[in-house]
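Trainee: Here it is, the structure, as structure tokens.
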Amino acid sequence: MRPFQIDVSASVLEDLRDRLARSRLLPDSPRRPASGMSAEYLRQLVASWHDFDWPAREAWLNTHPQYLADVGDTTLHFVHRRASRGDAPALLIMHGWPHLFSLQLDYADLLPDFHVVVPTLPGFAFSTPYAEHPITEVRLAQTMNTLMTDVLGYERYLTYGEDVSANVNDLIAGTYPDRVAGVVVTHAHFPSRDERTSLTDPAERRFFEGLDAAHGSDGAYGHVQATRPDTLATALNDSPAGLLAWLTEKLVEWSDTPEGDPAAVEQRISRDRILTEAMIYWVTQSIGTSFRPYYEGADQPGPMPPVEVPAAVFIQRHEGAYPESIARRFYRDLRVFERLEVGGHFAVAEVPHALAERTRAFARELRLL
């Protein structure tokens, strides 16, 4: 394990500003879908990125202790901030796609009484891709448990994941119950597609039928990333405006904000935080390897062992109709089931105070605080 700090060279920043200044932006298409990005909002973001005070943002990121560690065939980047109390609970906080470790830091900063570990998934940003293995959920669960136990020395820990790491979160809890003290969930367990065919509860069937109905348009990004990843990555790696549009569209669509006003995403995720995500992807040229979960299997729910360790489930509004009955079957020691009044897909980024309070309450119930 070795210390790490972000250090983007002046030449990289100069090249970026030059590319942004020469962006060839298009108007909105006629009769386009109302959701997602708009030409006007993208113009605002491109202009802001051109004038973005990256050195100040970089300095803020570097106030968080960062490290690199070789774990199997990947070199993992992670934030590791220890609490002042040696016997404080440890908490693993995992990101998904397109958001990165940086979007989880506001939540981590609100938990000074925890040892917090915020890793970057292999192939994202400052973590190298797996050299020999595909990025599957099982492989990610193994890697994250190894980081927490063998590398950092925690005997037991709490775990949290969302989006691509949601199943990883459940797999860690289900596979390593002797290591996991409890699991915090905002993206609750989805049965596999085969398992869904045997569902008999009408509410459960309606929920997944609704997801399937929306998948054709809402899931188009994932289909492209799973089937034509290199073609898309070439375009996004060469055009900062294109990269910014692709990343921000997901933040706009999936956050708990009004549809039709893309700028409303900043009510939940500030412009500085949006531009930080784009900047890290740009300087690490990792957009292509960030697609690997989509074509190598890490975003495909499969059969999973039930979770026997204590669980706290907070349903974010993006999946607000998720049936409690499924959670109670899968999380066998469900201590909390709550539907959040505010907060969408990127829950700990959108409502970090609300999730920090709930995480702390859960830890107290488990007598870890």
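By the working numbering, the letter at position 158 of the sequence shown is numbered 158, and the numbering carries on one by one without gaps.
Positions of the beta carbon are idealized from the N, C-alpha and C atoms, including for glycine.
Are there three or more Cβ pairs, one per stretch, closer than 8 Å when the segment 74–87 is compared with the segment 120–129?
Mentor: yes
Trainee: For residue 161, which of helix, strand or coil comes out of DSSP?
Mentor: strand
Trainee: According to DSSP, is residue 353 part of a helix, a strand, or is it coil?
Mentor: Helix.
Trainee: Quick check on residue 67: does DSSP put it in helix, strand or coil?
Mentor: strand
Trainee: What are the boundary residues of the beta strand (DSSP E) that includes residue 310?
Mentor: Taken as a continuous stretch (DSSP letters only), the beta strand (DSSP E) holding residue 310 covers 307–315.
Trainee: Which residue or residues does DSSP assign as beta-bridge partners of residue 90?
Mentor: 115
Trainee: Would the C-beta of residue 159 count as close to the ligand MN, meaning under 7 Å from any of its heavy atoms?
Mentor: Only the bare structure without any ligand can be found here, which leaves the ligand MN out of the picture.
Trainee: Return helix, strand or coil for residue 253, following the three-state DSSP convention.
Mentor: DSSP places residue 253 in the helix class (H, G or I) of the three-state scheme.
Trainee: Okay, do the segment 20–31 and the segment 53–68 touch, 3+ Cβ pairs below 8 Å being the bar?
Mentor: no
Trainee: Whose CA, out of 42, 212 and 168, lies closest to the CA of residue 242?
Mentor: 42
Trainee: Going by the DSSP bridge assignment, what does residue 293 pair with across the sheet?
Mentor: According to DSSP, residue 293 shares a beta bridge with no other residue.
Trainee: Would you tell me roughly how many angstroms separate the C-alpha atoms of residue 55 and residue 283, rounded to the nearest one?
Mentor: 13 Å
Trainee: How about residue 271 and residue 48: are their beta carbons less than 8 Å apart?
Mentor: Between residue 271 and residue 48, the gap from beta carbon to beta carbon is short of 8 Å.
Trainee: On a Cα-Cα basis, can you pick out the residue from 225, 251, 196 and 366 that is closest to residue 349?
Mentor: 251
Trainee: Could you check which residue in 202, 145 and 151 has the C-alpha nearest to that of residue 160?
Mentor: Of all alpha-carbon atoms in 202, 145 and 151, the one lying nearest the alpha-carbon of residue 160 is that of 145.
Trainee: Have a look at residue 83 and residue 311 and give me their C-alpha separation to the nearest angstrom.
Mentor: Distance between the alpha carbons of residue 83 and residue 311 is about 23 Å.
Trainee: Hey, out of 137, 40, 352 and 368, whose CA is closest to residue 104's CA?
Mentor: Relative to the Cα of residue 104, the nearest Cα in the group 137, 40, 352 and 368 belongs to 352.
Trainee: Under 8 Å between the Cβ atoms of residue 119 and residue 101?
Mentor: yes
Trainee: Determine the DSSP secondary structure at residue 77, reduced to helix, strand or coil.
Mentor: strand
Trainee: From residue 203 to residue 323, what distance separates their C-alpha atoms?
Mentor: 7 Å
Trainee: In three-state terms, what does DSSP make of residue 333?
Mentor: strand
Trainee: Just confirm the distance between the C-beta atoms of residue 307 and residue 170, as a whole number of angstroms; I'd bet it's less than 8 Å.
Mentor: 6 Å
Trainee: Spatial neighbours of residue 154 within its chain, please: CB distance less than 6 Å, with the 5 preceding and 5 following residues excluded, ordered by chain position.
Mentor: 90 and 148
Trainee: Measuring only the C-alpha atoms, how far is residue 226 from residue 138?
Mentor: 19 Å
Trainee: In whole angstroms, give me the CA-to-CA distance for residue 258 and residue 221.
Mentor: 21 Å
Trainee: Measuring straight from C-alpha to C-alpha, what distance separates residue 95 and residue 164?
Mentor: Per the coordinates, the alpha-carbon of residue 95 lies some 7 Å from the alpha-carbon of residue 164.
Trainee: At which residue ranges does the segment 169–220 contain complete beta strand (DSSP E) runs of 3 or more residues, listed in the order of the chain?
Mentor: 180–185
Trainee: Going along the chain, which residues of its own chain have a beta-carbon closer than 8 Å to the beta-carbon of residue 183, five neighbours each way excluded?
Mentor: 158, 159, 160, 169, 170, 172, 173, 307, 309, 310, 311, 312 and 331
Trainee: Give a yes or no on whether the C-beta atoms belonging to residue 292 and residue 129 are separated by under 8 Å.
Mentor: yes
Trainee: How big is the Cα-Cα spacing for residue 247 and residue 338?
Mentor: 29 Å
Trainee: Measuring only the C-alpha atoms, how far is residue 340 from residue 357?
Mentor: 13 Å
Trainee: Within 10 angstroms of the Cβ of residue 24, are there 16 or more other Cβ atoms? Answer buried if so, exposed if not.
Mentor: That one is exposed.
Trainee: Go ahead and label residue 347 buried or exposed: buried means 16 or more other beta carbons lie within 10 angstroms of its beta carbon, across all protein chains shown.
Mentor: buried
Trainee: Are there 16 or more other CB atoms within 10 angstroms of the CB of residue 9, so buried, or fewer, so exposed?
Mentor: exposed
Trainee: On the premise that residue 296 lies in contact with residue 134, defined as a C-beta separation below 8 Å, what is that separation, rounded to the nearest angstrom?
Mentor: 4 Å
Trainee: Taking residue 433 as the reference, which of 52, 33, 3 and 5 has the closest Cα?
Mentor: There is simply no residue 433 to check, as the chain begins at 1 and stops at 369 in what is shown.
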